[in-house]
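Participant: Residues 336 to 853 in our numbering are what the sequence shown spells out, letter by letter.
All C-beta atoms in this analysis are idealised placements derived from N, C-alpha and C, irrespective of residue type, glycine included.
Just so it is clear, the structure is predicted and the values come from calculations on it, not from any experiment.
Take this structure first; my questions come after.
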Amino acid sequence: MLQIKGLTITHRKDLRVILEDFSLVLNDGDKAVIIGEEGNGKSTLMKWLYDPALTEGYAEARGTRVLGNERLGYLPQELPDQDKEKTLYEFFTEEEDFWSRTPKELAELTGKFGVTSDFFYREQRMDSLSGGEKVKAQLMKLLIQEPTALLLDEPSNDIDLAAMELLEMVIRDWKKIVLFISHDETLIENTANMVVHLEQIRRKTKCRYTVAKMPYRDYVQKKLHSFERQEQQALNDRREKKLREERFRKIYQSVDHAQAAVSRQSPGEAKNLKDKMHTVKAIERRFARQDEEMTEFPEQEEAIFFKLGGQESYMPSGKTVLEYSLDELWTPGDAQSARLLARNIFLRIRGPEKICIVGPNGAGKTTLLKKIADELMARKDVRVEYMPQSYEELLDLAMTPVDFLDRSGRKEERTRIRTYLGSLKFTADEMEHPIRELSGGQKAKVLLLKMSMSGANILILDEPTRNFSPLSGPVIREMIREFPGAVISISHDRKYIAEVCSVIYRLTPDGLVPEPEG
């Protein structure tokens, strides 16, 4: 059993309360997903549960964690800096339990994760792996440790569809405890039997949480119905209050008018009217008590409001945007370490097509996308924006979001940027934080806003939904789908592929192969 008692977490910089008096109990068989908008403290909660020291640099926490006999296995959202320069061999063999595994057990693990049998022993550096390969390596090392409780922060980021299905199986079949964060709605729907929802309401001035022992889709539907019922009851109460006040106003005015008109020569009538006014005042006090018990309007986090691109981003249907050819695609690196990934690559894009490139981890999708981006960004006839898999390639982490997005320094532009960031649910304090202190989803929002303000008519997106919460996901998908220009993307997000992409190509050793429709 894992237990958290009375946990309160406060952000040190802006003193914002992220969690207040939070309690949670997890037992064997629980597959609990933590959901919530970007910056709501999901990763902070998981870090604190694994090791409170991980949050001490930026948050103050008060509360109790009860671990019992559980052995915690933690997958962080990003590969730790101390592991980036290690080779795969160093990364795995530093784990003591690795040496107790038989060759057969190790071969079964590589087979499950779709990597070659020499994966554990490669001299390739961890930071040179594809995003999906990094996640696979960390997951495999985690399973070698044989923990009883899995704490997984974005395990679905960047892994290919085959590995995603394996991850689903691992979570579903785990007999002990799983607590995970994911932005992949399909993964959540297929695995979670418990939901932990962290919210920041009233413009992030108040936090609240919900723990529901039910599947994710049931929770979303129940929350929606509960919201609608409470909202309808609140409206009904206010309509009834308005009618009641109108009737009361007429009675009050009638008695008040009669009192003003009564003759001094009619003391009996005056007393009678005075008694009536006492009764009216009593009714008023009773109505005031009823008003205090009136159903409150339900509160929920404000929805993201954002549009990607405008008229300047329009791309005529049928216009040839790109005809790209590449004889050979190699991994980056010197001649000795480079590997041939694919041959005879050809890609044609027309008009506002939404292209998605899929394929297994290590196939070279990101390498190819960077080459396409370089060619398109060198052209003068199109306006191109690129979102890399690693946001740090483009973001200046020392700058604030406002400073990063500001191109002119004019007061009007900075005000407009703050308005846009507000529509993306940044608080005034978060707008002035260095970008390095933002969550992955908030960094992605900064890049999306940069794209929108640029007037680009071609977007190149490497895993665009990877850091957005399942609650933001539908908005982000619609935003990209409605973009009036062309989109070239890589994704393993099944809902993104199904809802956004008009043409899907699989990268194979023999080039780009169109995926059959449906």
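Cutting at 6 angstroms between CB atoms, please list the residues of its own chain near CYS691, excluding the five before and the five after it.
Facilitator: Answer for CYS691: SER824, SER826, ILE832, CYS836, ILE839, listed in chain order.
Participant: In chain order, what residues of the same chain lie with their CB nearer than 6 angstroms to the CB of MET336, ignoring the 5 residues before and after it?
Facilitator: So the qualifying residues of the chain are ASN362, GLY403.
Participant: Could you check whether the segment 709 to 724 touches the segment 515 to 522, counting it as contact only if at least three pairs of C-beta atoms, one from each stretch, sit closer than 8 angstroms?
Facilitator: Short answer: they don't touch.
Participant: Could you compute how far the alpha carbon of LEU756 sits from the alpha carbon of MET788?
Facilitator: Cα to Cα, LEU756 sits roughly 12 angstroms from MET788.
Participant: Cα-Cα, which of ALA497, ILE516, GLU481 is closest to TRP509?
Facilitator: Minimum Cα distance to TRP509 is reached at GLU481.
Participant: Would you identify the three-state DSSP class for ALA638, choosing helix, strand or coil?
Facilitator: Residue placement at ALA638 is flagged as unreliable, the pLDDT there being 49, under the threshold of 50; a coordinate-derived value is accordingly withheld.
Participant: In the segment 646 to 732, which residue ranges form an unbroken alpha helix (DSSP H) of at least 4 residues, counting only runs that do not cross its ends?
Facilitator: As far as the segment 646 to 732 is concerned, its whole alpha helix (DSSP H) runs of at least 4 residues are 700 to 712.
Participant: Can you check whether the CB of ILE344 is closer than 8 angstroms to the CB of TRP854?
Facilitator: An answer regarding residue 854 cannot be provided, because it is not within the stretch 336 to 853 covered by the chain.
Participant: Need the endpoints of the alpha helix (DSSP H) that LEU784 sits in, please.
Facilitator: Element bounds for LEU784: 775 to 789.
Participant: Please identify the residue among ALA821, ASN375, GLN459, LYS760 whose C-alpha is closest to the C-alpha of ARG543.
Facilitator: Of the candidates ALA821, ASN375, GLN459, LYS760, the one whose C-alpha sits nearest the C-alpha of ARG543 is ASN375.
Participant: Relative to the C-alpha of ALA673, which residue among PHE681, ARG812, LEU664 is closest?
Facilitator: Among PHE681, ARG812, LEU664, the Cα nearest to that of ALA673 belongs to LEU664.
Participant: Within 10 Å of its beta-carbon, does ALA638 have 16 or more other beta-carbons around it, so buried, or fewer, so exposed?
Facilitator: Below a pLDDT of 50, predicted positions are generally treated as unreliable, and ALA638, at 49, falls in that range; the measurement from the model is reported next regardless. Label assigned to ALA638: exposed.
Participant: Can you list, in chain order, the residues of its chain with a C-beta nearer than 8 angstroms to that of LEU389? Leave out the 5 residues immediately preceding and following it.
Facilitator: Around LEU389: LYS382, TRP383.
Participant: Is it true that the CB of TYR385 sits closer than 8 angstroms to the CB of TYR409?
Facilitator: Cβ atoms of TYR409 and TYR385: closer than 8 angstroms.
Participant: Over what stretch of residues does the alpha helix (DSSP H) that includes THR754 continue unbroken?
Facilitator: 746 to 758 is the extent of the alpha helix (DSSP H) around THR754.
Participant: Determine the burial state of GLY341: buried for a count of at least 16 other Cβ atoms within 10 Å of its Cβ, exposed for fewer.
Facilitator: Burial call: exposed.
Participant: Figure out for me which residue from PRO736, VAL590, GLU747, GLU468 has the closest Cα to the Cα of LYS780.
Facilitator: Nearest of PRO736, VAL590, GLU747, GLU468 to LYS780, Cα basis: PRO736.
Participant: From what residue to what residue does the alpha helix (DSSP H) around ARG507 run?
Facilitator: It spans 496 to 508 - the alpha helix (DSSP H) in which ARG507 sits, taken as one unbroken run.
Participant: Can you say whether LEU847 is buried or exposed, counting buried as having 16 or more other CB atoms within 10 angstroms of its CB?
Facilitator: LEU847 is buried by the Cβ-count criterion.
Participant: Can you give the beta carbon distance from LYS548 to MET529, rounded, assuming they're within the 8 angstroms contact cut?
Facilitator: With a Cβ gap of about 5 angstroms, LYS548 and MET529 count as contacting.
Participant: Exposed or buried, TYR310, counting other C-beta atoms within 10 Å across all chains shown (16 or more means buried)?
Facilitator: Only positions 336 to 853 of the chain appear in the structure, and residue 310 is not among them; the question remains open.
Participant: Please say whether THR483 and GLU458 have beta carbons closer to each other than 8 angstroms?
Facilitator: No, these two residues do not count as a Cβ contact at 8 angstroms.
Participant: Could you check the C-alpha separation between GLY820 and LYS471 for me, to the nearest Å?
Facilitator: Roughly 34 angstroms separates the two Cα atoms.
Participant: May I ask you to report which of helix, strand or coil DSSP gives PRO769?
Facilitator: Three-state DSSP puts PRO769 in coil, outside helix and strand.
Participant: DSSP on LYS548, reduced to helix/strand/coil?
Facilitator: Coil at LYS548, not helix or strand.
Participant: Hey, how far is the Cα of GLN588 from the Cα of GLN535?
Facilitator: The alpha-carbon atoms of GLN588 and GLN535 are separated by roughly 45 angstroms.
Participant: Check whether the Cβ of ILE353 lies closer than 8 angstroms to any Cβ atom in chain D.
Facilitator: Looking for chain D here will not work: only one protein chain is present.
Participant: Whose C-alpha, out of ILE795, MET786, VAL822, LYS760, is nearest the C-alpha of SER804?
Facilitator: The shortest Cα separation from SER804 among ILE795, MET786, VAL822, LYS760 belongs to LYS760.
Participant: Can you name, in chain order, every residue of its own chain whose Cβ lies under 7 angstroms from the Cβ of THR379, other than the five neighbours on each side?
Facilitator: Cβ within range, chain order: ILE344, ILE353, THR390, ALA394.
Participant: Straight-line CA distance for PRO799 to LYS778?
Facilitator: Whole-angstrom Cα-Cα distance: 11 angstroms.
Participant: Going residue by residue through the segment 413 to 452, where are the continuous alpha helix (DSSP H) segments of at least 4 residues, counting only ones entirely within it?
Facilitator: Counting only runs of 4 or more, we get 416 to 419, 423 to 428, 438 to 448.
Participant: How is the beta strand (DSSP E) around ALA394 delimited, first residue to last?
Facilitator: That run of the beta strand (DSSP E) goes 394 to 401.
Participant: Please state if the CB of ARG753 and the CB of MET734 are separated by a distance shorter than 8 angstroms.
Facilitator: In this structure, ARG753 does not lie closer than 8 angstroms to MET734 by Cβ.
Participant: With 16 as the cutoff for other CB atoms within 10 Å, does ASP488 come out buried or exposed?
Facilitator: Buried, since its Cβ has 16 or more Cβ neighbours within 10 Å.
Participant: Quick check on this structure: which residue in ILE586, GLY653, ARG714, GLU373 has the alpha carbon closest to the alpha carbon of GLU772?
Facilitator: Comparing Cα-Cα distances from GLU772 to each of ILE586, GLY653, ARG714, GLU373, the minimum goes to GLU373.
Participant: Considering only the alpha carbon of each residue, which of ILE339, ARG436, GLU425 lies closest to ARG400?
Facilitator: When only C-alpha atoms are compared, the closest one is ILE339.
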